[in-house]
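Step one of this worksheet: look at the structure below.
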Amino acid sequence: MSPRLAALAALVLASTPLSALAQAPAQKPPAAKPGAKPPTPAAAPAPSTPAAQTPAYSANHLALAREVMLNSGIARSFDSIIPAFSDRIRQGSVTRPELTKDLDGVLAALEPEMEMQKQSMIDIAARIYASRLSEAELNEIATFFRSPAGKRYVETQPQVLDEMVQAMQTWTQDVSEYIMVRVRAEMAKKGHQLQ
53 MSPRLAALAA
63 LVLASTPLSA
73 LAQAPAQKPP
83 AAKPGAKPPT
93 PAAAPAPSTP
103 AAQTPAYSAN
113 HLALAREVML
123 NSGIARSFDS
133 IIPAFSDRIR
143 QGSVTRPELT
153 KDLDGVLAAL
163 EPEMEMQKQS
173 MIDIAARIYA
183 SRLSEAELNE
193 IATFFRSPAG
203 KRYVETQPQV
213 LDEMVQAMQT
223 WTQDVSEYIM
233 VRVRAEMAKK
243 GHQLQ
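Each residue of the sequence shown is one higher than the one before, counting from 53 in this note's numbering.
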């Protein structure tokens, strides 16, 4: 996994306490009171949806937005998130080895649902593209990504971004030092000493 994807995965994982699911021993439900209705099983929570009304886009506009999002390589960043969640759950259950077999089975059985969750994020991303780019613009962009140059752009994008992150870190340090030296020099001209 590249450093930028690892950082994204770490951010998402850090904000989700999944390990608590695997570490907590199963608790028995509270005893029902005599004459009370049996509890109904809780339904799986629905994925969150934007509160605002989503504007209507033509089917072609959304299809182009989805194509651009997929062909641009952005969807690759979603590919590592769900396996990272599964790994985190497994790591959280390391102190409960009796769960391993059942947990692996559950995670395997949930893979189709997790794929649906990923597709949901792809749909959200496509709507974001559609909200920012016209159908004509998306068509031009899609044409580029279908071209040999567009495919090559996507192929080299992870390496380029990794190198850019490294270059940005060096540049940030250099600029920070440069600005501090210059500010000190200019403040010294005005009779002020900065440390």
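Glycine is no exception: its CB is placed at the ideal position from the N, C-alpha and C atoms.
Which of helix, strand or coil DSSP assigns to residue i
| i | result |
| --- | --- |
| S183 | helix |
| R148 | coil |
| P135 | helix |
| G125 | coil |
| K242 | coil |
| Y230 | helix |
| S172 | helix |
| Y205 | helix |
Close Cβ partners of residue i (< 8 angstroms) along its chain, the five nearest in sequence each way excluded
| i | result |
| --- | --- |
| I126 | A177 |
CB contact flag (residue i, residue j, <8 angstroms)
| i | j | result |
| --- | --- | --- |
| F197 | N123 | yes |
| E187 | S132 | no |
| A194 | E119 | yes |
| N191 | L116 | yes |
| L159 | S138 | yes |
Residue i, buried or exposed, once every other Cβ within 10 Å from all chains shown has been counted against 16
| i | result |
| --- | --- |
| Y181 | buried |
| R179 | buried |
| M168 | exposed |
| T92 | Per-residue confidence for T92 stands at a pLDDT of 46, beneath the threshold of 50, marking its modelled position as unreliable; the derived number appears in the next sentence. That one is exposed. |
| A240 | exposed |
| M216 | exposed |
| L151 | buried |
7 angstroms Cβ shell around residue i - same chain, five flanking residues per side excluded
| i | result |
| --- | --- |
| M173 | F130 |
| K250 | Examination of residue 250 is not possible in this model, given that the chain is present from 53 through 247 alone. |
Contact set for residue i: own chain, Cβ-Cβ below 6 angstroms, skip 5 residues either direction
| i | result |
| --- | --- |
| V206 | G125 |
| M232 | none |
Query - Stretch-stretch touch, CB-based, cutoff 8 angstroms, three pairs: the segment 207-223 with the segment 133-147 - result: no
Report task. Answer yes if the segment 159-176 comes into contact with the segment 195-204, meaning at least three C-beta pairs across the two stretches below 8 angstroms, and no otherwise. Result -> no
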